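A.B. asks: Encoded as structure tokens, here's the structure I'll be asking about.
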Amino acid sequence: MEPVLIVLVVLVVVAFIALIKTIQVIPQASAAIVERFGRYTRTLNAGLNIVVPFIDRVRNRIDLREQVVPFPPQPVITQDNLVVNIDTVIYYQVTDARAATYEVASYIQAIEQLTVTTLRNIIGSMDLESTLTSREVINAGLRGVLDEATGKWGIRVNRVELKAIEPPTSIQDSMEKQMRADRDKRAAILTAEGQRQAQILKAEGEKQAEVLKAEGEAQAAVLRADGEAAAIRTVFEAIHDGDADQKLLAYQYLQTLPELAKGDSNKLWIIPSEVGDALKGLGGAFTGLTGNGGVNGGAVAAPSAAAPAATQVPLDPAAGPRPLDTDTKGAARPRVDPAREYRKIDPE
77 MEPVLIVLVV LVVVAFIALI KTIQVIPQAS AAIVERFGRY TRTLNAGLNI VVPFIDRVRN
137 RIDLREQVVP FPPQPVITQD NLVVNIDTVI YYQVTDARAA TYEVASYIQA IEQLTVTTLR
197 NIIGSMDLES TLTSREVINA GLRGVLDEAT GKWGIRVNRV ELKAIEPPTS IQDSMEKQMR
257 ADRDKRAAIL TAEGQRQAQI LKAEGEKQAE VLKAEGEAQA AVLRADGEAA AIRTVFEAIH
317 DGDADQKLLA YQYLQTLPEL AKGDSNKLWI IPSEVGDALK GLGGAFTGLT GNGGVNGGAV
377 AAPSAAAPAA TQVPLDPAAG PRPLDTDTKG AARPRVDPAR EYRKIDPE
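In short: position in the sequence shown from 1, add 76, done, that's this note's numbering.
Structure (structure tokens):
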């Protein structure tokens, strides 16, 4: 019974192993390559798959998700003979598990070497400045070459990125100095432009202020002239409406003359020639009043003792006392000299 038991146990173990090898569970986003006697048979997709045990063999499992592979810095010589170190990152995805298994021995290593050689070809045709400022151009060139080469490997390159571009230390120092000089230059230009704009605005403000001030003065002068013209017009109309005669005008003229002598700075006063004519007119008027018994036959009242008449004295005291005349009744009265000017003195 013991040999039979041993055989049964061996058969159970073999059956269990065969069952395990028969049922293959493939995870999602994965694929498996099946070989039968060393030859490719089929590709197992995600899910439950059954293979022939001890005849079919699952060679490898391939991840179909997008993969990210960073490559170490690679020294690259630019067109102007400068060595720069460039780090690259490749984003790829396996689209054909059979091609990725049988078309290339190691697609990761193949992609890395292809990236290095393509990068050297692209950078070798560009100078340092173009290399530093043309990342998109380099990425597009790398992706185009990698897509063309890796398509037959069953791999699709989605993105190629340059992680870092490191020029030599001396070049970095020179670039920093150049950038600092450019920033200082831009700052000086902006400062000068600001000062220029401020001066322009200040000049425009002063100009507008002067223009407004001149316009205000002109309007004020116009208003003053209009006021004086209106006043003169009113006075003229009043005189015209009152029908003033020559004697009243002469009297007003003589009353205005002393205003010319006001002020401490008046040392010399020139009497106009019209003063004599005005005095003659007033003299005739007073003669008519005293000789004819008043205006229009009326009587002239004698001056009151309580209100003595104002006495006229010469403006120049050095000219001496005023000479006296006698009127028609023999009374002494001051003589009026047309060549001399007098001011009124109120005895009160």
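We put the CB at the ideal spot given by N, CA and C, even for glycine.
All figures in this text were calculated on a predicted structure; none of them were measured in a lab.
Measure the C-alpha to C-alpha separation of ILE109 and ARG115 and round it to an integer number of angstroms.
C.D. replies: Between ILE109 and ARG115, the C-alpha separation is close to 10 Å.
A.B. asks: In the DSSP assignment, find the unbroken alpha helix (DSSP H) run with GLN155 in it and report its ends.
C.D. replies: Premise fails: GLN155 is in no alpha helix (DSSP H) and is neither H nor E.
A.B. asks: Quick one: measure Cβ to Cβ for LEU218 and THR194, integer angstroms, because I've assumed they're closer than 8 Å.
C.D. replies: 6 Å between Cβ atoms; contact.
A.B. asks: In the DSSP assignment, find the unbroken alpha helix (DSSP H) run with GLY230 in it and report its ends.
C.D. replies: Segment: none, GLY230 is in no alpha helix (DSSP H) and carries neither H nor E.
A.B. asks: Does the Cβ of ALA296 have 16 or more other Cβ atoms within 10 Å, making it buried, or fewer, making it exposed?
C.D. replies: Exposed, since its Cβ has fewer than 16 Cβ neighbours within 10 Å.
A.B. asks: Nearest by alpha-carbon distance to VAL90: which of ALA181, VAL233, PHE130, TYR167 is it?
C.D. replies: Ranking ALA181, VAL233, PHE130, TYR167 by Cα distance to VAL90 puts PHE130 first.
A.B. asks: So which of GLY230, VAL83, GLN169 has the shortest CA-CA distance to GLU179?
C.D. replies: GLU179 has its Cα closest to that of GLY230, out of GLY230, VAL83, GLN169.
A.B. asks: From ASP132 to PHE113, what distance separates their C-alpha atoms?
C.D. replies: Taking the straight line from one Cα to the other gives about 7 Å.
A.B. asks: Which of helix, strand or coil does DSSP assign to PHE147?
C.D. replies: The answer is strand: DSSP assigns PHE147 an E or B state.
A.B. asks: Is it the case that the Cβ atoms of ALA107 and ASN121 are separated by a distance below 8 Å?
C.D. replies: In this structure, ASN121 lies closer than 8 Å to ALA107 by Cβ.
A.B. asks: What are the start and end residues of the beta strand (DSSP E) that includes ASP132?
C.D. replies: ASP132 -> beta strand (DSSP E) spans 132 to 139.
A.B. asks: Just how far apart, CA to CA, sit VAL287 and ALA279?
C.D. replies: Going from the Cα of VAL287 to the Cα of ALA279 covers about 12 Å.
A.B. asks: Could you say which of TYR167, THR98, THR310, ARG259 lies nearest to GLU237 if we only look at CA atoms?
C.D. replies: Ranking the options by Cα distance to GLU237, first place goes to TYR167.
A.B. asks: Counting only the same chain and skipping the five closest in sequence on each side, list residues whose C-beta sits under 6 Å from that of LEU84.
C.D. replies: Cβ within range, chain order: n/a, list empty.
A.B. asks: In whole angstroms, what is the alpha-carbon distance linking GLY123 and ILE96?
C.D. replies: Distance between the alpha carbons of GLY123 and ILE96 is about 15 Å.
A.B. asks: Tell me whether VAL86 is buried or exposed, calling it buried when 16 or more other Cβ atoms sit within 10 Å of its Cβ.
C.D. replies: Classification of VAL86: exposed, given that the 10 Å Cβ count is below 16.
A.B. asks: Would you list the one or two residues that DSSP bridges to ARG115?
C.D. replies: DSSP, once it has assigned bridges, lists ARG112 as partnering ARG115.
A.B. asks: With distance defined between alpha-carbon atoms, name the residue in ILE162, ASN234, ARG174 nearest to THR119.
C.D. replies: For the residues ILE162, ASN234, ARG174, the minimum Cα distance to THR119 belongs to ARG174.
A.B. asks: What span of residues does the alpha helix (DSSP H) with GLN185 cover, start to end?
C.D. replies: GLN185 -> alpha helix (DSSP H) spans 183 to 200.
A.B. asks: What residues match up with GLY123 in a beta bridge as DSSP calls it?
C.D. replies: Per DSSP, ILE102.
A.B. asks: Are the beta-carbon atoms of ILE162 and ILE241 separated by less than 8 Å?
C.D. replies: Cβ distance < 8 Å, so ILE162 and ILE241 count as in contact.
A.B. asks: Measuring straight from C-alpha to C-alpha, what distance separates ILE308 and ASP317?
C.D. replies: Taking the straight line from one Cα to the other gives about 14 Å.
A.B. asks: How would you label THR267, buried or exposed, when you count the other beta carbons within 10 angstroms and need 16 or more for buried?
C.D. replies: Its Cβ having fewer than 16 others within 10 Å, THR267 is exposed.
A.B. asks: By Cβ distance below 7 Å, which residues in the same chain neighbour PRO103 in space, the five residues on each side in sequence not counted?
C.D. replies: Once the five neighbours on either side are set aside, the close Cβ partners of PRO103 are ALA122.
A.B. asks: List the residues that DSSP assigns as beta-bridge partners of THR164.
C.D. replies: Paired residue(s): PHE147, LEU238.
A.B. asks: On a Cα-Cα basis, can you pick out the residue from ASN234, PRO334, GLU304, ASP172 that is closest to ASP139?
C.D. replies: Checking every option, the nearest Cα to that of ASP139 belongs to ASP172.
A.B. asks: Just the C-alpha distance for ARG262 and ALA294, rounded to the nearest angstrom, thanks.
C.D. replies: Spanning the two alpha carbons is a distance of roughly 47 Å.
A.B. asks: Nearest-angstrom Cα distance between ARG235 and ASP156?
C.D. replies: Between ARG235 and ASP156, the C-alpha separation is close to 28 Å.
A.B. asks: Please go through the same chain and pick out, in chain order, the residues whose beta-carbon is closer than 6 Å to the beta-carbon of ALA394, but skip the five residues on each side of it.
C.D. replies: The predicted model places ALA394 with a pLDDT of 48, which falls under 50 and marks its position as unreliable, so this point remains unresolved.
A.B. asks: Among VAL128, ILE82, ASP302, VAL80, whose alpha-carbon lies nearest the alpha-carbon of ILE93?
C.D. replies: Selected option, being the one with the closest Cα: VAL128.
A.B. asks: In the DSSP assignment, what residue or residues form a beta bridge with ALA306?
C.D. replies: DSSP lists no partner for ALA306.
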